[in-house]
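Q:
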Amino acid sequence: MTDHEYHELVDAMLLALEEQIEDCEVDLDYETNSGLLEVIFPDKSKIVINKQPPLHQVWVATKFNGHHFELHGDKWIDNRSGAEFWQFISDAATRQAGDAIVWTAN
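With UniProt numbering, the residue at position 57 of the sequence shown is 57, and numbering never jumps.
Here is the structure:
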């Protein structure tokens, strides 16, 4: 994957997530800045998702732990657990919010 392809894919993923945060029934907020997206929960805890261009990875930090995702085929997979990004981020958000949250690739 080229650097350009990496940025296009991750930017599209972050935009899809932003749109779903806005439509979420749980009262969430977010801030974005130059490849970094912070999802802010009602208890003021955060999930931070950021680009790691030199590694072509996406890093995710939750209130519980951190994960590094790499593209395998057409899915972003966590190096440690093998979890797919969209399932992981839905599960992590649900756990952090205390309410069911489902986010999907558009």
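Think of the CB as a built atom: it goes at the ideal place given N, C-alpha and C, for glycine as much as any other residue.
Cutting at 6 Å between CB atoms, please list the residues of its own chain near A105, excluding the five before and the five after it.
A: Locating residue 105 in the sequence shown gives position 105, where the first residue counts as 1. Taken in chain order, the residues that qualify are W86.
Q: How about L37 and L14: do their beta carbons lie closer than 7 Å?
A: Here residue 37 refers to the residue found at position 37 of the sequence shown. Here residue 14 refers to the residue found at position 14 of the sequence shown. A contact, by the Cβ cut-off of 7 Å.
Q: Can you tell me where the alpha helix (DSSP H) with E25 in it begins and where it stops?
A: On the sequence shown, residue 25 is found 25 positions in, with the first residue counted as 1. That residue, E25, is in no alpha helix (DSSP H); it is neither H nor E in DSSP.
Q: Identify the continuous beta strand (DSSP E) that holds A61 and give its terminal residues.
A: Stepping through the sequence shown from its first residue, residue 61 is reached at position 61. From DSSP, the beta strand (DSSP E) with A61 extends over 57 to 61.
Q: Return the CA-CA distance between Q52 and S81, expressed in angstroms with no decimal places.
A: Locating residue 52 in the sequence shown gives position 52, where the first residue counts as 1. Locating residue 81 in the sequence shown gives position 81, where the first residue counts as 1. So the two alpha carbons sit approximately 19 Å from each other.
Q: Using the C-alpha atoms, what's the distance from L28 back to V48?
A: Here the question's residue 48 lines up with position 48 in the sequence shown. Here the question's residue 28 lines up with position 28 in the sequence shown. V48 and L28: Cα-Cα distance of roughly 13 Å.
Q: Taking C-alpha atoms, which residue in D3, Q96, L9 lies nearest to D74?
A: Here residue 74 refers to the residue found at position 74 of the sequence shown. Checking every option, the nearest Cα to that of D74 belongs to L9.
Q: F26 to T94, Cα distance in whole Å?
A: On the sequence shown, residue 26 is found 26 positions in, with the first residue counted as 1. On the sequence shown, residue 94 is found 94 positions in, with the first residue counted as 1. Here the sequence assigns Val to residue 26, which means Phe is not the residue at that position. When rounded, the distance between both Cα atoms is 10 Å.
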